[in-house]
Amino acid sequence: MKILVAFKRVIDPDARIKLTADKTAVDTESVEYKANPFCENALEEALRLKEEHDGEVVLVSLGGEDITQTIRAGLAMGADRAVRVEIEDKALDSDLAARIFAAVYKEEEDVDLFIFGKQAVDGDNNQVGQLTAQYLGLPQACFASEVEVDEDAGEATVTREVDGGLETLAVKLPAVITADLRLNTPRYAKLPDIMKARKKEIEELDLDDLEIEDTALKIEVVSLEEPPKRKGGEIVGSVDALVEKLKNEARAL
Amino acid sequence: MAKILVIAEQVDGALKKGTLSAINLAQQIAARVGGGFDVGVIGSGVDGVVSGLQGFGAGAIYKVDGGGFAHYLAEPYTVAVKALAEKSGASFVISTAGTFGKDLLPRVAAALGAGMVADCTALAGDGADLLYKRPMYAGNVIATVRAKTPKVVISVRTAEFDAASPSGGQSPVETVSVEAGGGGARFVSFDGTESERPELTEADIVVSGGRGLKDGKTFWEVMNPLADALGAAIGATRAVVDSWEEVPNDMQVGQTGKVVAPKLYVAVAISGAIQHLAGMKNSKTIVAINKDPDAPIFQIADYGLVADAFAVLPEFIQKVKAARG
Numbered sequence: 001m002k003i004l005v006a007f008k009r010v011i012d013p014d015a016r017i018k019l020t021a022d023k024t025a026v027d028t029e030s031v032e033y034k035a036n037p038f039c040e041n042a043l044e045e046a047l048r049l050k051e052e053h054d055g056e057v058v059l060v061s062l063g064g065e066d067i068t069q070t071i072r073a074g075l076a077m078g079a080d081r082a083v084r085v086e087i088e089d090k091a092l093d094s095d096l097a098a099r100i101f102a103a104v105y106k107e108e109e110d111v112d113l114f115i116f117g118k119q120a121v122d123g124d125n126n127q128v129g130q131l132t133a134q135y136l137g138l139p140q141a142c143f144a145s146e147v148e149v150d151e152d153a154g155e156a157t158v159t160r161e162v163d164g165g166l167e168t169l170a171v172k173l174p175a176v177i178t179a180d181l182r183l184n185t186p187r188y189a190k191l192p193d194i195m196k197a198r199k200k201e202i203e204e205l206d207l208d209d210l211e212i213e214d215t216a217l218k219i220e221v222v223s224l225e226e227p228p229k230r231k232g233g234e235i236v237g238s239v240d241a242l243v244e245k246l247k248n249e250a251r252a253l
Numbered sequence: 254m255a256k257i258l259v260i261a262e263q264v265d266g267a268l269k270k271g272t273l274s275a276i277n278l279a280q281q282i283a284a285r286v287g288g289g290f291d292v293g294v295i296g297s298g299v300d301g302v303v304s305g306l307q308g309f310g311a312g313a314i315y316k317v318d319g320g321g322f323a324h325y326l327a328e329p330y331t332v333a334v335k336a337l338a339e340k341s342g343a344s345f346v347i348s349t350a351g352t353f354g355k356d357l358l359p360r361v362a363a364a365l366g367a368g369m370v371a372d373c374t375a376l377a378g379d380g381a382d383l384l385y386k387r388p389m390y391a392g393n394v395i396a397t398v399r400a401k402t403p404k405v406v407i408s409v410r411t412a413e414f415d416a417a418s419p420s421g422g423q424s425p426v427e428t429v430s431v432e433a434g435g436g437g438a439r440f441v442s443f444d445g446t447e448s449e450r451p452e453l454t455e456a457d458i459v460v461s462g463g464r465g466l467k468d469g470k471t472f473w474e475v476m477n478p479l480a481d482a483l484g485a486a487i488g489a490t491r492a493v494v495d496s497w498e499e500v501p502n503d504m505q506v507g508q509t510g511k512v513v514a515p516k517l518y519v520a521v522a523i524s525g526a527i528q529h530l531a532g533m534k535n536s537k538t539i540v541a542i543n544k545d546p547d548a549p550i551f552q553i554a555d556y557g558l559v560a561d562a563f564a565v566l567p568e569f570i571q572k573v574k575a576a577r578g
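Heads up: the sequence lines are chains A and H, in that order.
With our numbering applied, the first sequence corresponds to residues 1 to 253, in that order.
With our numbering applied, the second sequence corresponds to residues 254 to 578, in that order.
Below is the structure:
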């Protein structure tokens, strides 16, 4: 099996997000970066499928040279090689990202699965896997919590976390899957694997190589703001006081 | 004059209430840019859904009704929405931002060559330059975005928009014939979470429990009577659904789970991680019960009670019942 995994670098999701003074961007001064947690789930699932079915796991990342460390972390987890497409983060929206992923898919040939995280925890768009599937005319199974592949049947059976329960779909390969958090627990890279990852290949491509000419963004960020602060913090002394406030002040009962 | 198409969310012929929030957004866009909205209903045996959408002022209700659409699947539904958007002449296509809309709408956007605004929480600007607000970074940043494409697809964060109010009148209903086509996905089964309680994203009152409730069994022993007393839906934190298998995943409230904004949200033994707050901080009134006075949840709660939930809940339940009559 040949599996592509979209692998994105994000600002540490546990860190406090600050905006630049002009409120057009997030302040990246002295922030720590990590792999997007959902992308780690995607990679972990690809590695498990490879262990079961053999084959190759290829990371696909979009960004400048500074994302190399994140790519190496994915290679240390066990991916065989990586493709980095050179582009500035601010030159991307979900749509262009999807068209780049679709172009890499075509370049790679004979791909069985393209696994994404269900969303990146910076933009929280939850679009790129679905867009890529549509651009490639592939079936999709999003928000996966369980994946089984039957190579002979050329099919994956995927359980999806949807509103109201769990849905199971069968998708013909090749297909796009997006990973939910409960799909698996991503492994930690072991020291020898971290050493080995330094020697693994990271192929570098740019938009010309992929023959992408239309780089116009479909969605443009005009400004950013911090959400209005909620005025909380009142501590009540007893259950009686709480119920009284809920009934007479908030009128919530 | 813009045309807006609202795609109804329905499950097995029952209309999801969030659709009415999507209609509210459509009405707001129509008021800003001029024009009107149509509604599209896709499924099998959806006449009940169609009648439930009468009286909201839609220019037309388009119906795609057939066995090929009995179960939602992204590929055939994309074909159907695209056909309806063309029929309607829509430059805006709107639906709900639950798992239905999140799965479907990006494909629709790609099929229409449209930009997509995910999780829209408000509008800004005017007809000449319509802008959209949407949360990023777990709701810690609100972005204002502009769509640069002639067509726009929008998923609506339904908790941020009241349900549209009926205005009376009848919208003409037109059946549109669409070939479901093949597509590479096949529905196998659905394992529904059975509950007699209101649905999380639609409930007026939500009670949620956190890791402080010890284990999955205790979670239910504590939360069930509280939900009964308030007529509430039950939610949980990510830590709870991750750790205790008795608590299903679709109960998770948070950035990566469900976003709720009920009239009353009661957080029981929840510390208030960023990722949880992202899913509930727009609730009208928030109550936090936690024994740790330094828990971050108290900073956003309207009313905090510093107490051991196990100790105070029986009294709270009894007094809530008395207060509600």
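Cβ atoms here follow ideal geometry from the backbone N, Cα and C, with glycine treated the same way.
Asked: Short Cβ contact (9 angstroms threshold) for residue 370(H) with residue 260(H); Found: no
Asked: Whole-angstrom distance between residue 106(A) and residue 211(A), CA atom to CA atom; Found: 11 angstroms
Asked: Sub-9 angstroms separation of residue 396(H) and residue 388(H) beta-carbons; Found: yes
Asked: Sequence-distant residues of the same chain with beta carbon closer than 7 angstroms to residue 342(H), five excluded per side; Found: 256
Asked: Min CB distance residue 38(A) to chain H below 9 angstroms; Found: yes
Asked: Three-state secondary structure assigned by DSSP to residue 160(A); Found: strand
Asked: Beta-carbon neighbours of residue 247(H), restricted to chain A and to distances below 8 angstroms; Found: With chain H covering 254 to 578 only, the question about residue 247(H) has no answer from this structure.
Asked: Segments assigned beta strand (DSSP E), at least 3 residues, entirely inside the stretch 161-220 of chain A; Found: 165-172, 175-179, 202-205
Asked: Proximity of residue 639(H) and residue 266(H) at Cβ, strictly below 9 angstroms; Found: Outside the modelled stretch of chain H, which goes from 254 to 578, sits residue 639(H), for which no answer is possible.
Asked: Alpha-carbon spacing of residue 189(A) relative to residue 36(A), whole angstroms; Found: 16 angstroms
Asked: Secondary structure, beta strand (DSSP E): runs of 3+ residues fully inside the stretch 29-74 of chain A; Found: 33-35, 56-62
Asked: Among 338(H), 398(H), 407(H), nearest to residue 377(H) - alpha-carbon criterion; Found: 398(H)
Asked: Chain H residues whose Cβ lies nearer than 9 angstroms to that of residue 89(A); Found: Near residue 89(A) there are no residues of chain H at all, since even the closest Cβ is about 13 angstroms away, more than 9 angstroms.
Asked: Candidates 484(H), 264(H), 506(H), 485(H), of which the one nearest residue 494(H) by Cα; Found: 506(H)
Asked: Partner residues on chain A for residue 384(H), Cβ-Cβ distance less than 8 angstroms; Found: 222
Asked: CB contact below 9 angstroms: residue 440(H) versus chain A; Found: yes
Asked: At least 3 beta-carbon pairs within less than 8 angstroms: the stretch 146-161 of chain A vs the stretch 2-18 of chain A; Found: no
Asked: Proximal residues to residue 53(A) (C-beta, below 8 angstroms), its chain only, five neighbours per side dropped; Found: 1, 149, 151
Asked: Candidates 110(A), 122(A), 174(A), 177(A): closest to residue 14(A) by CA position; Found: 122(A)
Asked: Proximal residues to residue 519(H) (C-beta, below 6 angstroms), its chain only, five neighbours per side dropped; Found: 460, 540
Asked: Chain H within 9 angstroms of residue 167(A), Cβ atoms only; Found: yes
Asked: Local conformation of residue 339(H) per DSSP, three classes; Found: helix
Asked: Residue 187(A): contacting residues in chain H (beta-carbon distance under 9 angstroms); Found: Those within 9 angstroms of residue 187(A) in chain H number zero; the least Cβ separation is about 17 angstroms.
Asked: Buried or exposed (CB count within 10 angstroms, at least 16 for buried), residue 441(H); Found: exposed
Asked: Residues within the stretch 168-183 of chain A neighbouring chain H, beta-carbon criterion of under 7 angstroms; Found: 168, 169, 170, 171, 172, 175, 181, 182
Asked: Span of the beta strand (DSSP E) around residue 294(H); Found: 288-296
Asked: Cross-strand partners of residue 315(H) (DSSP beta bridge); Found: 293(H), 427(H)
Asked: Cross-strand partners of residue 377(H) (DSSP beta bridge); Found: 384(H)
Asked: Chain A contact residues for residue 371(H), given Cβ-Cβ distances below 7 angstroms; Found: 125, 126, 127
Asked: Contact check, residue 419(H) vs residue 457(H), beta carbons under 9 angstroms; Found: no
Asked: Through-space distance from residue 230(A) to residue 534(H), alpha-carbon basis; Found: 8 angstroms
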